[in-house]
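Participant: In order, the protein sequences belong to chains A and B.
By numbering that gives the first Met the number 0, the letter at position 88 of the first sequence is numbered 87, and the numbering carries on one by one without gaps.
By numbering that gives the first Met the number 0, the letter at position 197 of the second sequence is numbered 196, and the numbering carries on one by one without gaps.
The C-beta atom is built at its ideal place from N, Cα and C for all residues, glycine as well.
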Amino acid sequence: MQDIDIADLKRIAELIHQKHNYDFRNYAMSSFKRRVLRIIELKNLTVDGLLKKLTEAPSFINEFLDELTVNVTEMFRDPGFWRIMRQEIIPAILLNHKQFKIWHAGCSSGEEVLSMAIMLKEMGIWQDVQLFATDLDTNILERAKAATYSIKNMELNEKNHIRFQGTSSIKNYYKEENGMAVFNKDLLANVTFRKHDLVLGDVFNKFDLILCRNVMIYFNQTLQNEVLKKFHEGLFKYGYLAIGSKESLIWCDYANRFIVVNNEEKIYKKIKD
Amino acid sequence: MDKMNLNNSYKAVVIGGSAGSFQGMVKILSQLPKGFPLPIIMVLHRLKHVRHGFVEALSLKSIVPVTEPNDKEQIKKGGVYLAPANYHMSVELGNNFALSTEEMVNNSRPAIDITLSTCAYVYKDKLIGILLSGANRDGAVGMKHINERGGLTIVQDPAECMIETMPKAALAITKIDQVLKVDQIVEFFKDLDKQYR
């Protein structure tokens, strides 16, 4: 495997910022480096070749984004998290709002928003909730909309759903076609998919719950701090924010405007405007 | 064991292990000199979907409690860290951890190669890398990177390993400074500790 130095990584991030209006300058260096090296290998390029392609081939940026962003996810990831959602968080929101909105920020291939839709359906409140699922990468959004996953991923997804103690078998929600699990599109009827950039984009709505799990781990602390400000703005007072189980916001400027509701599953509540 | 030219310039110890490494790891942690001055960064293959139990089991007999760091957590002298389940764990130039959920590497997440290679990059020749028993080849490339950056490389003696594949894979592709039994690794930590007193 070839190596790439930080100066080159910075050149790549600068070029993308100037030319394509995406900002990777505050991404965590270790994973950004691995992702760029991966693209260089996959596309059989050199660093200079990559810079040239990013400059001269306008559509290459989409391919680049698709490979750069990490799209490894699963349905009902951390079943304990989903049990808390069902038993505590959603009921607490319902006390204040009979109809509410959830934002899945960095939704990737859609497993999380689909899990949410299934959970809400099983809770019988699916028609009262508007879900927004956003990602930087338009290719992955198309995959999320298709709600079609390889059958070989379903073993893990099903295991998670069983550990979550879902009320019916996950098998009731999809049909098997050519080695793929094709989920019932009705589940996504209340989901709005849209391209959105957490780094450069503005907050586009007000939410009762924002899920952004294992997304900000790819950012450095400067950027985590900025993004938390956006989530603060995007939440109603007493709204909830869920991040990944090994993420932490304690060092962010706005940390004191939230309280920890569940430290194990990293669920926070906005308590101050 | 050859007397090594130890000194007090090291900044971190990173340890990788897989099948058959748990007992050895517990022994090392249970006999660690009190106040051992360097961070110990462990990446051990583990069940991906079991978040609990492993760190507690390691902590039981460890001199220093073992923690699974959060993303971006600062690395402290004397801290003993374990890569959390289902995350890759990197070290960044600011001397902090960075976690990721990227694709598995060598069929593993956490992958030993990722932690070892990022440690090699950050700590250069101020790093000690140790690879214990294991049934796959994860860690070999990481040990190579540690060697290339001037760090000290140690593998558990394959003759003692429950499964020798992992140390042997490292021995096959890079220079390993020391091949030690677990008891000798315990002594090595004591000798190293004395350099800082």
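Would you list the one or two residues that DSSP bridges to ASP134 of chain A?
Facilitator: A:LYS194
Participant: Return the first residue and the last residue of the alpha helix (DSSP H) that SER107 of chain A is part of.
Facilitator: No alpha helix (DSSP H) contains SER107 of chain A, which DSSP labels as neither H nor E.
Participant: Assuming ASN204 of chain A and PHE131 of chain A are in contact, meaning their beta carbons sit under 8 angstroms apart, how far apart are those beta carbons, in whole angstroms?
Facilitator: 7 angstroms
Participant: Please report whether the beta-carbon of ASN261 of chain A lies at a distance below 7 angstroms from any beta-carbon of chain B.
Facilitator: no
Participant: Within the chosen definition, does the region 36 to 46 of chain B reach the region 67 to 87 of chain B through at least 3 CB pairs nearer than 8 angstroms?
Facilitator: yes
Participant: For LEU5 of chain B and LEU151 of chain B, what's the separation of their Cα atoms in angstroms?
Facilitator: 10 angstroms
Participant: Are ASN69 of chain B and SER247 of chain A touching if we call contact CB-CB under 7 angstroms?
Facilitator: yes
Participant: Of all the options B:VAL42, B:SER58, B:SER61, B:ALA84, which has the alpha carbon lying nearest to the alpha carbon of VAL90 of chain B?
Facilitator: Answer by Cα proximity: B:VAL42.
Participant: Show which residues of chain A have a CB atom less than 9 angstroms away from the CB atom of ALA97 of chain B.
Facilitator: ALA27, MET28, SER29, SER30, ILE216, TYR217, ASN219
Participant: In angstroms, rounded to a whole number, what distance separates the CA positions of ASP127 of chain A and LYS100 of chain A?
Facilitator: 9 angstroms
Participant: Between the region 94 to 114 of chain B and the region 42 to 51 of chain B, do at least 3 Cβ pairs fall closer than 8 angstroms?
Facilitator: yes
Participant: Considering just the uninterrupted stretch of the alpha helix (DSSP H) at GLY16 of chain B, what are its terminal residues?
Facilitator: It is not in any alpha helix (DSSP H) - GLY16 of chain B instead sits in the beta strand (DSSP E) that spans 11 to 16.
Participant: GLU67 of chain B and PHE96 of chain B - do their beta-carbons sit closer together than 7 angstroms?
Facilitator: no
Participant: Is the shortest distance between the beta-carbon of SER107 of chain A and the beta-carbons of chain B less than 7 angstroms?
Facilitator: no
Participant: Could you say which of B:SER29, B:GLY15, B:LEU31, B:ILE127 lies nearest to GLY149 of chain B if we only look at CA atoms?
Facilitator: B:ILE127
Participant: Secondary structure at TYR267 of chain A, three-state DSSP: helix, strand or coil?
Facilitator: strand
Participant: Would you verify that the beta carbon of THR117 of chain B is, or is not, closer than 7 angstroms to some beta carbon of chain C?
Facilitator: Judged by its chain identifiers, the structure shown contains no chain C, and its protein chains are A and B.
Participant: Can you give me the Cβ contacts of LYS229 of chain A inside the same chain, cut-off strictly under 6 angstroms, excluding the 5 residues immediately before and after it?
Facilitator: VAL202
Participant: What residue ranges within the region 123 to 152 of chain B form continuous beta strand (DSSP E) runs of no fewer than 3 residues, ordered along the chain?
Facilitator: 126 to 130
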